[in-house]
Every structure is written in structure tokens, then in C-alpha cells.
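A.B. asks: Letter by letter, the sequence shown follows residues 699 to 853 in the working numbering. This structure is in C-alpha cells; I'll ask about it shortly.
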Amino acid sequence: MALTKLNSASVIDRLPVGSVIQTVEVQAQSSLTQANTSYVDVNGSSISITPSSTSSKILLTWNCGGMSNTTNNSIRFKVFRGSTEVRYIPRYGYSNSANGEWNPCPIAIQYLDSPSTASAVTYKLQCATEANGDFRINDEPSTDSFVVIAMEIKG
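Below, the structure written as C-alpha cells:
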């Protein structure tokens, strides 16, 4: 995990609102094959960060490859802070392949959170499909191609 953090309170106090205070990055080699209408955790999507202030915001990004193969298949995501759902994405991607064709559905999710805490917070994704469609995330798990970034923004 890569970590960049400003530690001096006097330096942070002089920064304007909107400045990046720290960045945490996770690169995962995991993958997920989802063919279920029930939500499951997306392997490798978890990231933790400790805000320096209760007024800070956290900018989160999840980026990796994805592909879908089923007629009328909607992909749905949820973003969680701990066990609390903080964002619902009801129709992220959509596949309408009639003959077993795989359609690209890259994952590029951003979310700006206001956790109102100076304690460690952990974020993760959950995913489900419509009508038990076949959806794959990071189908090449031998590479570090699933990248998750959390940035603390001064509030």
C-alpha cells in the first residue's frame, strides 16, 4: 500500500480548503466472477484511511477492467463505509449480447464522502447483476490491475 501523508499540523493548517492531505493506494491481484442477483463483496476493493480532521472529505476511486456476457444484464454497485451503505449505483453497466459475446464494462467509480471522523475508516464495493447475468471484474488476477485510491481532502 502506498501512502503519502502530511504530518505537521502547522503545514496542514496553512493549506487552503480543497488541498490533498494524504493519499492511500491499493493495487489488487484479485478477481470476481459474479453471476448472482445478491450483492457480494468485490475482492480487492477494500481500502482504509485515517482522516486528520472531522471536517475532511475522502475522495475514493476504483478502477479496473470488467466484462459482461448475458442478454439484458444490468450491473449494480454499492459503496460501503464500514458496514454502512453510502452510495448506490443502480445501473452501472449494461450488456445486451445475444450470442454469448463478451462486452467490455470497465469499472471507473468515484465517490466523495464526508465521514465526519478522525478515526480510521474502511471502504469497499459490493456488486450484483440482474437476472443472474455473468459479470467479471479484473479477469486477469495475476496482474495488479485493480487500483483503489483514497485521498483525504481538507475541509
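Cβ atoms here follow ideal geometry from the backbone N, Cα and C, with glycine treated the same way.
Start and end of the beta strand (DSSP E) containing leucine 758?
C.D. replies: Mapped onto the sequence shown, residue 758 falls at position 60. It spans 755-762 - the beta strand (DSSP E) in which leucine 758 sits, taken as one unbroken run.
A.B. asks: Along the chain, where does the beta strand (DSSP E) that runs through lysine 822 open and close?
C.D. replies: Here the question's residue 822 lines up with position 124 in the sequence shown. Looking at the DSSP string, the run of the beta strand (DSSP E) that includes lysine 822 is 819-827.
A.B. asks: Using a 10 Å radius around the Cβ and a threshold of 16 neighbouring Cβ atoms, would you call aspartate 711 buried or exposed?
C.D. replies: Here residue 711 refers to the residue found at position 13 of the sequence shown. Classification for aspartate 711: exposed.
A.B. asks: For glutamine 720, count the other beta carbons within 10 Å of its own beta carbon; 16 or more makes it buried, fewer makes it exposed. Which is it?
C.D. replies: What you label residue 720 is simply residue 22 of the sequence shown in a count that begins at 1. Buried is the call here.
A.B. asks: Within 10 Å of its beta-carbon, does tryptophan 800 have 16 or more other beta-carbons around it, so buried, or fewer, so exposed?
C.D. replies: To locate residue 800, count along the sequence shown from 1; it is residue 102. Flag for tryptophan 800 reads exposed.
A.B. asks: Taking the beta strand (DSSP E) that threonine 748 belongs to, which residues open and close that run?
C.D. replies: Sequence index remark: in the sequence shown, residue 748 carries index 50 (1-based). Counting along the chain, threonine 748 falls outside any beta strand (DSSP E), and DSSP gives it neither H nor E.
A.B. asks: Is the beta carbon of glycine 780 closer than 8 Å to that of threonine 752?
C.D. replies: Position 54 of the sequence shown holds residue 752. Position 82 of the sequence shown holds residue 780. No, the Cβ-Cβ distance between threonine 752 and glycine 780 is not below 8 Å.
A.B. asks: Could you tell me which residues DSSP pairs with serine 766 in its beta bridges?
C.D. replies: Your numbering for residue 766 matches position 68 in the sequence shown. Partner(s): Asn801, Phe833.
A.B. asks: Within 8 Å of any Cβ in chain B, is that where the Cβ of glycine 742 sits?
C.D. replies: The structure shown has no chain B; it contains just one protein chain.
A.B. asks: Which term fits glycine 742, buried or exposed, when burial requires 16 or more other beta carbons within 10 angstroms of its beta carbon?
C.D. replies: Counting from one through the sequence shown, the residue named residue 742 turns up at place 44. So glycine 742 counts as buried.
A.B. asks: Rounded to the nearest angstrom, what separates valine 757 and valine 724 at their Cα positions?
C.D. replies: Numbered from 1 along the sequence shown, position 59 holds the residue referred to as residue 757. Numbered from 1 along the sequence shown, position 26 holds the residue referred to as residue 724. Note that residue 757 is leucine in the sequence shown here, rather than valine. One C-alpha to the other measures close to 14 Å.
A.B. asks: Would you list the one or two residues that DSSP bridges to valine 718?
C.D. replies: Stepping through the sequence shown from its first residue, residue 718 is reached at position 20. Ile851, per the DSSP bridge assignment.
A.B. asks: Less than 8 Å between the C-beta atoms of glutamine 824 and aspartate 739, yes or no?
C.D. replies: For the purposes of this step, residue 824 is identified with residue 126 of the sequence shown, where counting begins at 1. For the purposes of this step, residue 739 is identified with residue 41 of the sequence shown, where counting begins at 1. Yes, they are a contact pair.
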